[in-house]
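Those sequence lines, one after another, are chains Z and U. Sequence positions in the first sequence follow the numbering used here and run 5 to 400. Sequence positions in the second sequence follow the numbering used here and run 5 to 400. Don't be surprised by glycine CBs; every beta carbon is placed ideally from N, CA and C. Presented below is the structure to which this report refers.
Number of protein chains: 2
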Amino acid sequence: MATRVLVVGGGVIGLSCAWRLAEAGYEVTVVAPDPGRDGASWVAAGMLAPVTEVQFGEAPLTELLREGAALWKEFATSLEGASGHDVGYDESGTLTVALDASDRAALDQLLAYQHSLGCTAHRRTASECRALVPSLTPTLRGGIEVPGDHHVDNRALLGALVQACRGRGVRFVPLTVEAVASGGSRRSGEPGRSGEPGPSVDLSDGSRLDSDHVLLAAGTGTPHIGGLDAAGLPEIRPVKGHILRLGPAEGRSGPPLLPRTVRALVHGRSIYLVPRPDRTLVVGATMEERGTDLGVQAGAVHELLCDARSVVPGIDELELLESGTGLRPATPDNTPVVGWTALAGVAVASGHFRNGMLLAPLTAASVVDLFGAGFGAGAALGADAGADVRTAPGDE
Amino acid sequence: MATRVLVVGGGVIGLSCAWRLAEAGYEVTVVAPDPGRDGASWVAAGMLAPVTEVQFGEAPLTELLREGAALWKEFATSLEGASGHDVGYDESGTLTVALDASDRAALDQLLAYQHSLGCTAHRRTASECRALVPSLTPTLRGGIEVPGDHHVDNRALLGALVQACRGRGVRFVPLTVEAVASGGSRRSGEPGRSGEPGPSVDLSDGSRLDSDHVLLAAGTGTPHIGGLDAAGLPEIRPVKGHILRLGPAEGRSGPPLLPRTVRALVHGRSIYLVPRPDRTLVVGATMEERGTDLGVQAGAVHELLCDARSVVPGIDELELLESGTGLRPATPDNTPVVGWTALAGVAVASGHFRNGMLLAPLTAASVVDLFGAGFGAGAALGADAGADVRTAPGDE
């Protein structure tokens, strides 16, 4: 009988893990209210941008992100084969532009840091930028081209993951997990082979599901699951982001407004504009610490529109198709937490913050390794990169 | 047997006429895809503002608007009694403010014109404005208070009208009218008593409805109804407007951001912010000639947010609940057309442009008079005010 895995969460991390685990021979159940439409993944921009996302002082995270990016092409190809769906994986690269002299200075500092980490990134003049993306404002002050930072269509990806999961026999339970319980007295060993009961979850309809392994991949919902007091999880807090979706008016033809992802510093504020195959644009950037509030704030929408149109004036003529928000799961050091918890048979894959899409293939591979090695094995993700990965106290 | 009237259109004009006609003893049928939710009425701000809406060179229209406003209090009271629903009729008045010196100069010119027309309007200093509306930006340059310009909750009003219609036995047919035909050879007289067949309409499901009178009140949809080539209608063109609905974040209490309607000139651009009883705000202003395009444009949303927050900085903290557009039916001289068409038994009430809410009670009263007097009677609305009201060629 196949080992049973219960995945809590239907975002990109939960679904990627579920698919890869099912491929690896596990009997997988995903518990999520609306798989593929839940949480932050649905409103993500889909940037796969380890170099553009470089932050000063986060070199180990950058290393992890680059490792994650390296898996993407194979992951996309494999997923498209398994699901029969295009995921919109796009290798046109990323251009980051500066709007004023001070933005230019900030980008030059970032470029020097990117080079110090061995990243491929090129300084571009204003006219070089406009040759790459003709719709950019003529007033820009040059930028950085990162040919290796790509993007994926997050919604196409999520749809393909659900499809691939179904193709592998993954069962979907459209409920919420209220609590998780470890399997009796065991503190280590391989659940499902030890003869002792495995972990279980209590569902929102009052029922209970047993399993051999449980994987908590519910993003910012993870810490709200009951029974985790002794799990040894780090703090996972929500960081809100606003996103706009813009598209050409019906019937308008012509080339897309952006042939590649454009990011910008606009008088010190960051913004990104990511094109989709259907000629819509995803515009985002905001990061707000406002608890679990999911409201779309007028000020944030104004800021995004204001900055977007100052970078690409043609934005004004697009239709505002959607204004949304998502809550990204952030840990204190912005590094994801992937590994066994202190509860027997219960693992976690959360805290991916701004990099859930980028790190999904690597996380899924790590979780497959983790479950293959059994409870008590070291957490895989980030270990090589020296990132701060928490393992269960019982493992120390 | 009661005279049958078929009203085409489920916006504020169609529903107001239907209700009043039903009260007057007619047997009324309303044909509209989604009565009370159709068209421009659903996205209106609900201002009842003849004085604030004064436009240079449109003195007869202003007279008509003031006549319309005078009927509102009784209309609201009567409708609330008939429907059992509050319509959010609010007599707190309107304040128009200027953001810069040039806006102030423009408002002073407007004020002089308002006074020349005999309107009640008071010049207010910046601190007087902020005493009336404390959430206004401290940088404003004073304004005009118009205590007699009120507002109504358009959606509550539409709901109450549907309710009142039902209470009077009005029948609703949720279809579109594709064509209208007059009743045979008659060119004048009183349809329904003459013994000749009355007019009829062809519906989107292929069926036909006969009636004694037909009232075309479909706003910008009116000219798209078939069979009207010989009706003698003036051009009715769509003028697009964007509207935003903003509201306090869930759980936020405290006084409403605006205790009355605020309008503003922001570096030459007009904007209005109208409060609702549920503490949401309706923000609008745009007027665009873009045919029947209903898309929400990024540039228009940006402009509204930009201007709104420059007038009331607290806007930034509100949630953007809705971004919508509507198409206002405009005639060449901005004056509504209410009266018999050249087709026997077919009347029209359309072209209300920016003043559909304000003119609904007057229009309904005029239509009741019109039908009582029979085909061939002069059109009532605006006639006293000297407005350009078209009557049927057969009447000349």
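Unbroken alpha helix (DSSP H) run spanning residue i, endpoints
i	result
Glu31/U	No alpha helix (DSSP H) holds Glu31/U; the beta strand (DSSP E) holding it covers 31–35.
Phe176/Z	No alpha helix (DSSP H) holds Phe176/Z; the beta strand (DSSP E) holding it covers 175–177.
Thr66/U	63–74
Arg159/Z	158–171
Leu269/U	Not the alpha helix (DSSP H): Leu269/U falls in the beta strand (DSSP E), residues 265–270.
Range of the contiguous beta strand (DSSP E) that encloses residue i
i	result
Ala183/Z	181–185
Pro279/U	273–279
Glu293/Z	First-last for Glu293/Z: undefined, no H or E at that position.
His126/U	126–128
Contact under 8 angstroms by Cβ, residue i with residue j
i	j	result
Pro333/Z	Thr141/Z	no
Val11/Z	Val32/Z	yes
Leu324/Z	Ala302/U	yes
Leu362/U	Leu69/U	yes
Val47/U	Gly236/U	no
Arg175/Z	Lys244/Z	no
Gly163/U	Gly40/U	yes
Leu161/Z	Ala351/Z	no
Ile240/Z	Thr224/Z	yes
Pro252/U	Arg212/U	no
Leu347/U	Leu308/U	no
Val342/U	Met51/U	no
His271/U	Asp112/U	no
Thr66/U	Val150/U	no
Gly92/Z	Leu366/Z	no
Ala168/U	Leu75/U	no
Leu269/Z	Asp107/Z	yes
Which of helix, strand or coil DSSP assigns to residue i
i	result
Arg197/U	Because the pLDDT at Arg197/U is just 49, under 50, the model does not fix this residue reliably, and the value given afterwards should be weighed accordingly. If DSSP states are grouped into helix, strand and coil, Arg197/U belongs with coil.
Met51/Z	strand
Arg313/Z	helix
Thr141/Z	coil
Asp206/Z	strand
Val101/U	strand
Gly147/U	strand
Ala26/Z	helix
His356/Z	coil
Pro336/Z	coil
Gly376/U	helix
Gly343/U	strand
Gly14/U	coil
Gly43/U	helix
Gly230/Z	strand
Leu366/U	helix
His306/U	helix
Asp2/U	The structure shown does not extend to residue 2/U, since chain U spans only 5 to 400, so no value can be given for it.
Leu19/Z	helix
Gly382/Z	Below a pLDDT of 50, predicted positions are generally treated as unreliable, and Gly382/Z, at 47, falls in that range; the measurement from the model is reported next regardless. Reduced to three states, the DSSP call for Gly382/Z is coil.
Opposing strand residues paired with residue i [DSSP bridges]
i	result
His217/Z	Val9/Z
Ser327/Z	Leu248/Z
Gln301/U	Glu323/Z
Arg256/Z	The partner list for Arg256/Z (beta bridge, DSSP) is empty, contrary to what the question assumes.
Arg119/U	Reading the sequence as shown, one finds His at residue 119/U and not Arg. Answer by DSSP bridge pairing: none, since His119/U is not bridged.
Ile240/U	For Ile240/U, which the question treats as bridged, DSSP gives no partner whatsoever.
Ala222/U	Answer is none; Ala222/U lacks a bridge partner.
Leu285/U	Leu250/U, Pro279/U
Ala351/U	Leu219/U, Trp344/U
Arg212/U	Asp206/U
Practice problem: Check distances from the C-beta atoms of the region 302–327 of chain Z to those of chain U and list, in chain order, the residues that come in under 7 angstroms. | Solution: Within the region 302–327 of chain Z, the qualifying residues are Ala302, Gly303, Val305, His306, Leu309, Cys310, Arg313, Ile319, Asp320, Glu321, Leu322, Glu323, Leu324, Ser327.
Quiz item: Which residues, in order along the region 254–275 of chain Z, keep a beta-carbon less than 8 angstroms from a beta-carbon of chain U?
Solution: Of all residues in the region 254–275 of chain Z, the ones placed with a Cβ closer than 8 angstroms to any Cβ belonging to chain U are Glu254, in chain order.
Practice problem: Select from the region 133–161 of chain U all residues with a C-beta closer than 9 angstroms to any C-beta belonging to chain Z, and list them in chain order. | Solution: Residues passing the 9 angstroms Cβ filter: none.
Quiz prompt | Contacting positions in the region 63–83 of chain Z - beta carbon closer than 8 angstroms to chain U | solution = Within the region 63–83 of chain Z, no residue has a Cβ that lies closer than 8 angstroms to any Cβ of chain U.
Self-check item: Residues within the region 288–299 of chain Z neighbouring chain U, beta-carbon criterion of under 8 angstroms
Solution: Cβ contacts with chain U: Asp297, Gly299.
Practice problem: Using a Cβ-Cβ cut-off of less than 8 angstroms, give me the residues of the region 243–254 of chain Z that come near chain U, in sequence order. | Solution: Contact annotation: in the region 243–254 of chain Z, residues whose CB is within less than 8 angstroms of a CB in chain U are Leu248, Leu250, Ala253, Glu254.
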